[in-house]
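Residue numbers (the working numbering), protein chains in the order written: chain D, 1 to 299; chain E, 1001 to 1261.
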Amino acid sequence: MRVAFSSALLKSVAIPEFIFLTGDLGFNALESLREEMGERFINVGVAEQNMVGVAAGLAKEALRPWIYSIAPFVYARPFEQIRNDICNHHLPVIIVGNGGGYGYGVMGATHHALEDYGILLTLPSLEVYIPAFDEDIEFLVPLLMRTTNPSYLRLGLSEKPKELVATKFEPFRKLVHGTKGVIIAVGPLAGGLWKLLSSLPDDQRPSLWVVCKLPFVELPEALIQEIKIANRLLSVEEHTKQGGFGQMLGNYLFQKGVSISWYRSKYALGYPSKRYGSQRFHRQESGLLPEQLLQEILN
Amino acid sequence: MNVHSPQFKELRKKCFLRLLTMHYQSKVGHLGGNLSCLDILLVLYHTILKPEDVVVLSKGHSAGALYIALWSVGLITDEQLEQFHKDNTLLSGHPPASGIPAIAFATGSLGHGVGLAAGVALGKRLKKSPGRVFCLTSDGEWNEGSNWESLIFIQHQVLNQICLIVDLNGLQGFGSTNEIANLHPLDEKFKVFNMETVTIDGHDAQELNRELDKLSEKPRSIIARTRKGSGVSFMENRMEWHYLPLTEDQYNQAIQEISLQ
């Protein structure tokens, strides 16, 4: 999504308030943006705490700063600055974390972002966007240029096959119709599932929904009805159990009085074998590959 | 206001007395560091600041001194001051995030103010808008790594609208700055970051006025040598006044000492 992200930002260069700060990341993706933005593109160096403080100061001056780094570097290291400097003052700083979940694969655990939105959603007024497909970026960048809330944009890899056409970005979207339960996937995980389920007939597959914005207040009514009828629900996310979408969903359904007999949540287990590998390797260890998820809901 | 004028001396006394009374009535500590920086804030607010300038109190535990300075220029009311540290107040023990327009940022966790000040200064430069940014830090908070990240940024960007002021009272949370993490001489370290740096008496209004008023092509830092608990004999340079509230006897003595100055 980095290239789609850079392309979308290039279209916003004319907004005079737009300022882009990077913590020394962006090789092979942000060079054009750097060139186009001139003095409004600032590489603050490897100093994330200062980057967040500076962004809050810029926002206080009515500018629209975006800050960018590898996901854990931009939310975990400077968490207190995000909490105090940005969120306590309700400043619309856009925090962009590249490589959500196991995105950085064999680079290792320091580069993974498994608890990012769970932690950040504890902060007042912060909103999280987890685009599933490259096309979502086109929609989200202009939206985030106007938002009045602190926001976290979790970038991953768009895994949707090109022949499948995504509908316009919404917090919840239905991607596949099926009769064997309902799967709700967070962000890019939906891409691989979409591909797999598209190859199956309706009566041999579950419905697939994707969620791309958190927190949510209500599920779409159509989704609630599907869950009730299917009586079988699986939530999947590349994030820890604690603070994850699965917990939010369970809590919501319980409060809503939606009673179903089968609900499972699949999430990032961390490093169960204590070995490292590609994003696919880690997903497999957590049971997050499309074929594993299909097996889970069909059994 | 001229710092040599009788009015300024009278104002200074009135503010020191009001600070003591406010903390005594609220049974709140942190007086030592408030008294050490009140002279700096009074000179800043009464002789230096223009409407477009921004103040960042990085040493948020000196909120009392900030509130008194703002009260003395009419930006906080008597009624608001009466609510200091009480339930349903705007004036918490550290500066609030909203409700007092003259307070730009909520601070209290140390090591945040310099980066915020750098962002405001950069914003003003990018917008080509006027205004200086004054950031008052403690000396102990230079233990924080984030401050040094910000110094690297300030010197690299040559943010010369910034004036850092260090309230160098020599005492921090649980001992003296020299015992805990000795950064002496701090001014030499700032100079290495290409800042125009001076060391002055932080209780001398004339020196404060002269140095705060100066503009430079470089970012500036003022090391203000101060006394924790300044003006009250039994508090001066004693660490416990970072924490302790005043007893009635102590309050009466403190009021008497300030009144006689």
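C-beta: ideal position from N, C-alpha, C; glycine also.
Whole-number beta carbon distance between residue j and residue i, since they are thought to touch under 8 angstroms
i	j	result
C212(D)	I130(D)	5 angstroms
G235(D)	I184(D)	The question names Gly, but residue 235(D) is Ser in the sequence shown. With 8 angstroms as the limit, S235(D) and I184(D) qualify as a contact, their Cβ atoms being about 5 angstroms apart.
Y267(D)	T240(D)	6 angstroms
G1140(E)	T1177(E)	6 angstroms
T110(D)	S69(D)	Between S69(D) and T110(D) the Cβ distance is about 13 angstroms, and since that is not below 8 angstroms, they are no contact.
F172(D)	L219(D)	7 angstroms
K1027(E)	P1219(E)	About 40 angstroms; that fails the 8 angstroms criterion.
I82(D)	V52(D)	6 angstroms
S1070(E)	A1102(E)	The sequence as given places Leu at residue 1070(E); Ser does not occur at that position. The Cβ separation is near 5 angstroms, so the contact holds.
L196(D)	P72(D)	In fact, because the Cβ distance is near 29 angstroms, the residues do not count as touching under 8 angstroms.
First through last residue of the alpha helix (DSSP H) which encompasses residue i
i	result
I1154(E)	1145-1157
E1188(E)	1186-1192
S1109(E)	Unbroken run through S1109(E): none, as it is neither H nor E.
W1071(E)	1063-1072
W194(D)	189-198
I227(D)	221-230
F1016(E)	1006-1026
Closer than 8 angstroms at the beta carbon, the chain E residues around residue i
i	result
Q295(D)	Per Cβ cutoff of 8 angstroms: no residues; Q295(D) is ~48 angstroms from chain E at best.
A55(D)	G1119
V44(D)	F1153
Neighbouring residues, chain D, relative to residue i (Cβ below 7 angstroms)
i	result
E1149(E)	A47, Q49, N50
H1112(E)	G53, Q81, N84, D85
L1116(E)	G53, A56, G57, D85
Residue i - partner residues in DSSP beta bridges
i	result
Y104(D)	For Y104(D), which the question treats as bridged, DSSP gives no partner whatsoever.
D1078(E)	Looking at the DSSP assignment, D1078(E) forms no beta bridge with any residue, so it has no partner.
Y271(D)	Answer is none; Y271(D) lacks a bridge partner.
N1252(E)	Note: N1252(E) sits in no beta bridge, so no partner.
A113(D)	G101(D)
Y152(D)	I95(D), V128(D)
I67(D)	L21(D), I95(D)
Proximal residues of chain D, C-beta to C-beta of residue i below 8 angstroms
i	result
K1124(E)	E61
S1109(E)	E80, N84
Under 9 angstroms between C-beta atoms of residue i and residue j
i	j	result
L1035(E)	L1019(E)	yes
A166(D)	D136(D)	yes
A1106(E)	G1064(E)	no
P206(D)	K180(D)	yes
I1154(E)	A1104(E)	no
N1182(E)	R1227(E)	no
A55(D)	V96(D)	no
L1186(E)	I1162(E)	no
D1039(E)	L1208(E)	yes
L300(D)	I260(D)	Limits of chain D in this structure are 1 at one end and 299 at the other, which puts residue 300(D) out of reach.
A1254(E)	V1003(E)	no
Chain-ordered neighbours of residue i on chain E, where CB pairs are closer than 9 angstroms
i	result
E39(D)	R1125, L1126
I19(D)	L1122, G1123, L1126
Contact test: residue i Cβ vs the ligand GTP heavy atom, cutoff 8 angstroms
i	result
G100(D)	Ligands are entirely absent from the displayed structure, and the ligand GTP is therefore not among its contents.
Listed by chain order, chain E residues near residue i by CB distance under 7 angstroms
i	result
N88(D)	A1097, A1106
Boundaries (first-last residue) of the beta strand (DSSP E) holding residue i
i	result
S158(D)	From DSSP, S158(D) is part of no beta strand (DSSP E); its letter is neither H nor E.
V211(D)	207-211
S1092(E)	S1092(E) -> no beta strand (DSSP E), and no H or E assigned at all.
R1210(E)	Premise fails: R1210(E) lies in the alpha helix (DSSP H), 1205-1213, not in any beta strand (DSSP E).
N43(D)	41-43
C1135(E)	1133-1138
K266(D)	262-266
Contact with chain C by residue i, beta-carbon distance below 9 angstroms
i	result
E1217(E)	Checking the listed chains, one finds no chain C in this structure; the protein chains it contains are D and E.
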